[in-house]
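Residue numbers (the numbering used here): 1 to 364. Here's the structure, in structure tokens; my notes come after.
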Amino acid sequence: MRKMNLLLFLIAFATSSCSTAYLAQIEKTRTDYNESLANSEDSQFLMNIVRVHYGYSPYFVGVDSVTSQSSLKAGVDNNETRLFQSPSATAGGTPFWSIAPIASYTISPVVTYSPVQGSKFVSALLSPIDLKKLFLLERSLGIDTVLRLTVDQIGVLDNASSIRYSKMNKLPDYQEFNTFASTLETLVNNDDINIEMSSYDDKPAILLYMNNDAAAVKIATLLHLNKPYKTIMFTMFVLKHDNEKENIIHIQTKSYFNILQFLSKGVEGIESENQRYGIKTRITSQSGGTANLRDITNGLIDIKASNKEPDDALLKIKYQQKWYYIANDDTYSKSTMVLLRLIYSLLTGGEYQPNIPVLTIPVK
């Protein structure tokens, strides 16, 4: 009788302690959902850049709902195990039977996607970024990256705006624009220039305030102005040829679709695919030589192509039987993808989503 009581005690102890230990290790957090959805959205951006590269229109879907289905399965494993032997047992011993609990807890997420569409959404994709949003981006991220990615022209400086035209046969001069963008970032970081949101004729404008003469001379030279100015304004609401106020300079921003077109030049082409789709990767340079279109996005994004699935990739997609990816150590492309997500959120915010995503999690 005493042996029977001892056996029942051991069974109860093993069952209760083991089941508690296993279930305690189960993480019921939103981390997996967060990472999965973030990767899904970034992959969508990468997919659309590649689609535009091959001459197709981008397509967007939004998360309609996220639900979580959980299940707990329990069982008993009654395999013979030599937990211990009786004091009188000989060298083979007399085994005790152990009953070990088997518990498995699974969470099965179900994500529902819906196409993001409608005239308002399309208008948002095709509308130039307004200066207030540009200012927000500039305050949060590097000026150089923001200007190169979101601006077509500042005064006489052109940021390769003609590359989106299929009949382009000569590489546009974009180096002066890049030099201005990088120099402006350096001057702002050194407190030689302050950038503020302002207005011109009751319209949004971005104000550059020069803190010293050296900065004023440098900026005037880069912008091809006749003389340095203490203040310079960038606005979308002034004519390009209006020279009466030389320090009031026209700025033209890109639309989100233009940004995708711009970044699509950073896709590494597979020669067979380029020929199949009529993609030009080489073009006449300003000096009359041959230039690579990918040079335009140098330092912004580098999308590699491969016939096989890459091993170490931050993002990867399979398109037209080829793999396109961003390397895990590519810090420039990482920053650009973050900026691309922020711009998309600013331009196509909640009012264009099919529904507000709902995450249902089990009650603890």
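All C-beta atoms, glycine included, are put in the ideal place defined by N, C-alpha and C.
Continuous alpha helix (DSSP H) stretch holding residue i: start and end
i, result
"Val-151", "Per DSSP, Val-151 belongs to no alpha helix (DSSP H); it is in the beta strand (DSSP E), 151-154."
"Asn-189", "175-189"
"Phe-60", "That residue, Phe-60, is in no alpha helix (DSSP H); it is neither H nor E in DSSP."
"Ile-343", "331-347"
"Ala-124", "119-126"
"Lys-133", "131-140"
Exposure of residue i, with buried meaning 16 or more beta-carbon neighbours within 10 Å
i, result
"Arg-148", "buried"
"Gln-390", "Nothing can be reported for residue 390: it is not among the residues displayed for the chain, which extend from 1 to 364."
"Gln-44", "buried"
"Tyr-165", "exposed"
"Ser-162", "exposed"
"Lys-308", "exposed"
"Asp-42", "buried"
"Gly-118", "exposed"
"Asp-330", "buried"
"Lys-318", "exposed"
"Tyr-344", "buried"
"Ser-333", "buried"
"Thr-290", "exposed"
"Leu-131", "buried"
"Asn-34", "exposed"
"Asn-258", "buried"
Same chain only: Cβ atoms within 6 Å of residue i, ignoring 5 sequence neighbours per side
i, result
"Phe-84", "Model confidence at Phe-84 stands at a pLDDT of 45, short of 50, so the residue's coordinates are unreliable; what they give is reported in the following sentence. Nothing meets the Cβ criterion."
"Ala-205", "Ser-198, Ser-199, Met-233 and Thr-235"
"Glu-196", "Leu-207"
"Ile-154", "Ile-251"
"Asp-191", "none"
Sequence-distant residues of its chain with Cβ nearer than 7 Å to residue i (five each side left out)
i, result
"Pro-310", "Lys-316, Trp-323 and Tyr-325"
"Asp-365", "As displayed, the chain neither begins before 1 nor continues past 364, which places residue 365 out of reach and without an answer."
"Thr-90", "With a pLDDT of 47 at Thr-90, under the threshold of 50, the modelled position of this residue cannot be trusted; read the value that follows with caution. So no residue of the chain qualifies."
"Val-52", "Pro-58, Leu-260, Gln-261 and Ser-264"
"Ile-49", "Leu-260, Leu-263, Ser-264, Val-267 and Ile-303"
"Ala-220", "Lys-227, Pro-228 and Tyr-229"
"Gln-175", "none"
"Ser-40", "none"
"Asn-328", "Asp-312, Ala-313 and Leu-314"
Terminal residues of the beta strand (DSSP E) in which residue i lies
i, result
"Ser-306", "304-306"
"Ile-219", "That residue, Ile-219, is in no beta strand (DSSP E); its alpha helix (DSSP H) goes 213-222."
"Ala-291", "290-292"
"Pro-244", "The question names Pro, but residue 244 in the sequence shown is Glu. It is not in any beta strand (DSSP E) - Glu-244 carries neither H nor E in the DSSP assignment."
"Leu-300", "Per DSSP, Leu-300 belongs to no beta strand (DSSP E) and is neither H nor E."
"Asn-194", "193-200"
"Tyr-324", "322-327"
"Phe-234", "231-235"
"Ile-317", "313-319"
"Leu-260", "It is not in any beta strand (DSSP E) - Leu-260 instead sits in the alpha helix (DSSP H) that spans 256-263."
"Tyr-209", "203-210"
Residue i: CB within 8 Å of a non-hydrogen atom of the ligand NAD
i, result
"Lys-322", "With respect to the ligand NAD, the structure offers nothing, as it holds no ligand at all."
Cβ-Cβ distance between residue i and residue j below 9 Å
i, j, result
"Met-365", "Asn-247", "The first residue shown for the chain is 1 and the last is 364, placing residue 365 beyond what the model contains."
"Ala-313", "Gly-269", "no"
"Ile-283", "Leu-187", "no"
"Val-146", "Leu-340", "no"
"Tyr-209", "Lys-227", "no"
"Leu-184", "Ile-249", "no"
"Phe-121", "Phe-60", "yes"
"Ser-335", "Leu-141", "yes"
"Lys-254", "Val-151", "yes"
"Asn-194", "Asn-211", "yes"
"Ile-296", "Ala-160", "yes"
Close Cβ partners of residue i (< 8 Å) along its chain, the five nearest in sequence each way excluded
i, result
"Thr-179", "Leu-222"
"Leu-347", "Ala-124, Leu-125, Ser-127, Ile-129, Lys-133 and Tyr-256"
"Val-156", "Leu-223 and His-224"
"Gln-320", "Tyr-54 and Glu-273"
"Leu-203", "Checking the displayed sequence, the identity of residue 203 turns out to be Lys instead of Leu. Closer than 8 Å at the Cβ level, and outside the excluded window around Lys-203, lie Thr-235, Met-236 and Phe-237."
"Ser-182", "Asp-144"
is_contact[residue i, chain C] using C-beta, thresh 9 Å
i, result
"Ile-154", "The structure shown contains no chain C; it holds only a single protein chain."
- Item | Inter-stretch contact (C-beta, 8 Å, three-pair minimum) for the region 213-227 and the region 136-151 | no
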